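*Asks:*
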Amino acid sequence: MTIAVRGLGGLVCGDCGYAISVTVDDAVPACPACGATSFVRARAFDRPTADIESVGVAERTPRWLAEARKKVEGSGPHLAWEDSGEVSTAAIQEGWAKVGRSSCADVCLDDPTVSRRHALVVRTEDGALKALDDRSLNGLFVNGKHVEWAALSDGDEIEIGRFKLYVLT
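If you're matching positions, the sequence shown starts at 222 in my numbering and goes up one per residue.
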């Protein structure tokens, strides 16, 4: 059976409701779902576009963070992140810590979404922490906001590429 449809559009099987997209001169011999041969033009607003519930908001702090916090408790400020189920931490020493994809970075995040020299985390003599974008391509985000630099405190989230690092003090 050939169905002539002007322009682009969609059809719905008259028996089971299976929706298909068609272009001019497309041949539709039978419904792929039930085998029926009767179709009607699909209307864009007659039915919902997805049969799933809305996606909820992700939890603010991941579950693994409490375990990471216990491992580094009392040993100064650290960064903690998770990659493929493995939790890693890195101590933040006084001075500059390089974060990036480069193998010479203090915190090496090997992923194409991370620039070789992505960010710097500085710890001053008085213990203050700051994060600075080091001319990265994808930018630096602290607590969800795009920043050039930001003061850091316990629990702050630093987003670098696909990674989310957390400050533990």
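We treat Cβ as the ideally placed atom computed from N, Cα and C, and that holds for glycine.
Computed from a predicted model, the values in this text were never measured in an experiment.
Within 10 Å of its beta-carbon, does W317 have 16 or more other beta-carbons around it, so buried, or fewer, so exposed?
*Replies:* Locating residue 317 in the sequence shown gives position 96, counting from the first residue. It is exposed - the Cβ of W317 has fewer than 16 other Cβ atoms within 10 Å.
*Asks:* Can you have a look at R344 and say buried or exposed, based on whether 16 or more other CB atoms are within 10 angstroms of its CB?
*Replies:* As a working note, residue 344 is residue 123 in the sequence shown. Classification for R344: buried.
*Asks:* Residues in the same chain with beta-carbon distance under 6 Å from D327, minus the five sequence neighbours each way, listed in chain order, please.
*Replies:* Locating residue 327 in the sequence shown gives position 106, where the first residue counts as 1. Here the set comprises A318 and K319.
*Asks:* Can you give me the Cβ contacts of H367 inside the same chain, cut-off strictly under 6 Å, excluding the 5 residues immediately before and after it?
*Replies:* Looking up residue 367 in the sequence shown gives position 146. For H367, where only same-chain residues beyond five positions count, the Cβ hits under 6 Å are G360.
*Asks:* Could you give the distance in angstroms between the alpha-carbon of C329 and the alpha-carbon of L232?
*Replies:* As a working mapping, residue 329 is identified with position 108 in the sequence shown. As a working mapping, residue 232 is identified with position 11 in the sequence shown. Spanning the two alpha carbons is a distance of roughly 51 Å.
*Asks:* Suppose contacts are defined by Cβ-Cβ distances below 8 Å. Is V363 in contact with A352 by that definition?
*Replies:* Locating residue 363 in the sequence shown gives position 142, where the first residue counts as 1. Locating residue 352 in the sequence shown gives position 131, where the first residue counts as 1. The answer is yes: Cβ separation under 8 Å.
*Asks:* Does R290 come out as helix, strand or coil in the three-state DSSP assignment?
*Replies:* Along the sequence shown, read from residue 1 onward, the residue named residue 290 stands at position 69. For R290, the three-state secondary structure derived from DSSP is helix.
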